[in-house]
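Report on the structure given below.
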Amino acid sequence: MMTASRETLIGRLIEMAGGVNIFADVSSRYPQVSPEAVVARNPDLIVAPNHHASTVDARALARQPGLAGLPAVRRGRVLVLDGDLVSRPGPRIADALELLARTLHPDLFPGRGAPTP
Amino acid sequence: VTGRGFALLVAALCAALLVAALGSLLVGSAEIPAQRTLTLLLASGPSLERTILLELRLPRIVLALLVGAGLAAAGTAYQGLFLNPLADPFVIGASSGAALGATVAILLGGASWGAGALPLTAFCGSLGAVGLVYLLGGAAGARSSPLSLLLAGAAVSTIVGSLVSLLMILHDQSLGVLFNWLLGGLATTSWREIAWGGPMIAVGILSVWLLARPLDALGLGDETAQSLGLPVTGFRLAIVLAATIATAASVALAGIIGFVGLVAPHAARMLVGGRNSRLVPVSCLLGSLLLLLADDAARSLVPPQEIPVSIVTSLVGGPFFLFLLRRSSRAGELR
């Protein structure tokens, strides 16, 4: 499975939103990581972009071998973001950042509901 | 090799395989101490380390054993059938057909169809391409030859491969997904996939083994085989079918993994000679061992990253093959 490390647009977004990327230590920008590394590093929240043909949905993610047992998956802490928001360095990137920050730290956002994309 | 020597060799290879399989449970990017592994396996109740052992490492080990053996059996069958030492499991279009099946499925949105969808379409593509080769190569006719099958395989592989490239160029958004699938790997295997693909590989291997004696006869050339009373056309179809089922199921489960199906039969031939009833099982055991060790390397060399296992099999298998080649050409075994 592929992820984004620190030196990427998505990696920066995660940090700016107050998150900690479990693969921040990897030097490749978009490394293929082993599933057992994901399980061993036990993320609190799984964020996946939704784009083009590779439609990721939370249920499909939970069907990946090994991931179903993760606390994040069992508690429903899987956020599927619109890939057009997070993967493109355009003005809408602010919406992606807000969405991420809101999911990571809901207590800091007194207003209810998701931001309008 | 005497019967006793053969039995000893098989026993030694099985023991090596067992040790390697158990050792592979300890290998991976997540560090689980060896002495804790046993306690974790015996313990009940869920834990993340137990998940890693039982849901991620164990299925990979089982899959490596199955796919390694499947590719080796198919390679042995094709090398024997085509009287060609360069033949491998993908020689008559199995891999390009699988690639086309998976590509079409991915472009139609197959990534969201569920876990079994891609393997299944790859399997169909593989069978379809080989079926086409078989019909076009005239192998179903009375005056068929292994050479016509081989040439039709090369042509169909090239055509189908171009179609895959064309589709990839036209749909460049899906390039990443496609590329990953084509590179192959054992990482994202689930027990469910093994449950339907494993038996298929096993059936393919067993069929190749049961056809070992006709394969011996075909190795003498069509005319000799015919004069021995062998219905050449029928047995050739049976062998192609058996080898293709093993290949297609392997590709469907693990993508395209090179070199195992080429190297294992040659190494086995050097150990036990050319009789297929002995060659097939030894070749399978060597194929399993090679793929198992290659996957151990693929998942532990640069943690937490993974290297596609086909890169490792080619990097390890290639030089080993050259070594064998040098040795046997020095001994004058190659003609």
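Protein chains in written order, with this note's numbering: chain X, 1 to 117; chain F, 118 to 452.
A virtual CB, placed ideally from N, CA and C, is assigned to each residue, including glycine.
Indicate, with yes or no, if the ligand GDP has a heavy atom lying under 8 Å from the CB of residue i.
i      : result
F:L157 : Although the ligand GDP was asked about, the structure shown includes no ligands whatsoever.
Candidates the options: which alpha carbon is nearest residue i's?
i      : options                        : result
X:V39  : F:W313, F:L157, F:S164, F:P150 : F:S164
F:G404 : F:G434, F:I223, F:A128         : F:G434
F:V320 : F:T364, F:P206, F:L284, F:T305 : F:T364
F:L155 : F:V380, F:R443, F:L171, F:A191 : F:L171
X:A17  : X:D107, X:P106, X:L97          : X:L97
X:Q118 : F:W308, F:L335, F:L354         : The first residue shown for chain X is 1 and the last is 117, placing residue 118 of chain X beyond what the model contains.
F:G218 : F:G242, F:A211, F:R392, F:A381 : F:G242
X:A48  : X:D82, X:P106, X:E36           : X:D82
F:I356 : F:L142, F:Q196, F:T341, F:L125 : F:Q196
F:G210 : F:L244, F:D289, F:S161, F:E423 : F:L244
F:F240 : F:L358, F:V426, F:G120         : F:L358
F:L237 : F:H383, F:L370, F:Q422, F:L441 : F:L370
F:V368 : F:L323, F:G140, F:G338, F:L300 : F:L300
X:P106 : X:P43, X:G19, X:V26            : X:G19
F:L442 : F:P202, F:L198, F:A138         : F:P202
By Cβ distance, which residues of its chain are closer than 6 Å to residue i, with the 5 residues on each side in sequence left out?
i      : result
X:L67  : V73
F:R392 : none
F:V127 : none
F:V144 : D413, S417
X:T116 : Note that X:T116 has pLDDT 48, beneath the 50 cutoff, so the model's placement of it is unreliable and the number below is only indicative. Excluding residues within five positions, none has a Cβ falling inside 6 Å.
X:A53  : Interpretation of X:A53 is limited by its pLDDT of 48, a score under 50 that renders its predicted location unreliable; no figure is taken from the coordinates.
F:A147 : I169
F:D205 : G192, G378, L379
Among residues of its own chain, excluding the 5 on either side of residue i, which ones have a beta-carbon nearer than 7 Å to its beta-carbon?
i      : result
F:V429 : A411, A414, A415
F:M317 : I362, A366
F:S431 : G375, F376
F:F123 : V389, R395
F:R452 : In this prediction, F:R452 has a pLDDT of 44, which is less than 50 and means its spatial position is unreliable; what the coordinates show is noted afterwards. Nothing meets the Cβ criterion.
F:V397 : A190, T193, V325, W326, A329
F:L180 : L303, T306, I311, L370, A371
With residue i as the anchor, note down where its beta strand (DSSP E) starts and where it stops.
i      : result
X:P49  : 46–50
F:D339 : Premise fails: F:D339 lies in the alpha helix (DSSP H), 339–344, not in any beta strand (DSSP E).
X:V80  : 78–82
Grab me the residues of residue i's own chain with a C-beta within less than 8 Å of its C-beta, minus the 5 sequence neighbours each way, in chain order.
i      : result
F:L134 : L182, L402, S405, L406, L409
F:S291 : I223, L224, M285
X:F109 : A101, R102
X:Y30  : M2, T3, A4, S5, T8
F:L439 : none
F:L130 : V399, L402, L403, L406
Between which two residues does the alpha helix (DSSP H) containing residue i stretch?
i      : result
F:I169 : Per DSSP, F:I169 belongs to no alpha helix (DSSP H) and is neither H nor E.
F:P206 : It is not in any alpha helix (DSSP H) - F:P206 carries neither H nor E in the DSSP assignment.
F:G140 : 120–141
F:S400 : 393–417
F:Q196 : 175–199
F:M285 : 263–287
X:L108 : Segment: none, X:L108 is in no alpha helix (DSSP H) and carries neither H nor E.
X:E15  : 9–16
F:Q152 : 151–159
X:R92  : Per DSSP, X:R92 belongs to no alpha helix (DSSP H) and is neither H nor E.
X:E36  : 35–41
F:L292 : 292–300
F:E485 : Within the shown structure, residues of chain F are numbered from 118 to 452, placing residue 485 of chain F beyond reach of any answer.
F:Y251 : 234–253
So residue i packs on residue j, CB below 8 Å; how close in whole Å?
i      : j      : result
F:A360 : F:A194 : 4 Å
X:V80  : X:L13  : With a Cβ gap of about 15 Å, X:V80 and X:L13 do not count as contacting.
F:G479 : F:S213 : This structure cannot settle anything about residue 479 of chain F, because the visible part of chain F is limited to 118 through 452.
F:P331 : F:L354 : About 11 Å separates the two Cβ atoms, so there is no contact after all.
F:A269 : F:G254 : 3 Å
F:P425 : X:A37  : 16 Å between Cβ atoms; not a contact.
X:S34  : F:E423 : 5 Å
X:P104 : X:L45  : Sequence inspection shows Leu at residue 104 of chain X; the Pro mentioned does not correspond to that position. Contact holds; Cβ gap of about 7 Å.
F:I322 : F:A186 : 6 Å
X:N42  : X:P89  : At roughly 30 Å, the Cβ-Cβ gap does not stay under 8 Å, so X:N42 and X:P89 are not in contact.
F:P263 : F:L200 : 6 Å
Counting only C-beta atoms, is residue i closer than 9 Å to chain C at any point?
i     : result
X:V26 : The structure shown contains no chain C; its protein chains are X and F.
(request) Compile a chain-ordered list of the residues in the region 149–165 of chain F whose CB is closer than 8 Å to at least one CB of chain X. (result) P163, L165
(message) Output needed in chain order: residues of the region 407–427 of chain F with a Cβ under 7 Å from some Cβ in chain X.
(response) R416, P420, P421, Q422, E423
(message) Counting only Cβ-Cβ distances shorter than 7 Å, please list the residues of the region 58–72 of chain X near chain F, keeping chain order.
(response) A60, R63, Q64, P65, G66, G69
(message) Under 9 Å, CB to CB, which of the residues in the region 267–293 of chain F have a partner in chain X?
(response) H288, Q290, S291, G293
(request) Taking only beta carbons into account, state which residues of the region 170–195 of chain F come closer than 8 Å to chain X, listed in chain order. (result) E172, L173, R174, P176
(message) Please list, in chain order, the residues of the region 302–328 of chain F that have any C-beta partner in chain X closer than 7 Å.
(response) A304, T305, T306, S307
(message) By the 7 Å beta-carbon criterion, what residues does the region 136–150 of chain F contribute toward chain X?
(response) G145, S146, A147
(request) Give, in chain order, every residue of the region 34–47 of chain X whose Cβ lies closer than 9 Å to some Cβ of chain F. (result) S34, P35, E36, A37, V38, V39, A40, R41, N42
(message) Using a Cβ-Cβ cutoff of 8 Å, what residues of the region 78–95 of chain X are near chain F? List them in chain order.
(response) none
(request) Can you give me, in chain order, the residues of the region 209–223 of chain F that have a beta carbon less than 9 Å from any beta carbon in chain X? (result) I223
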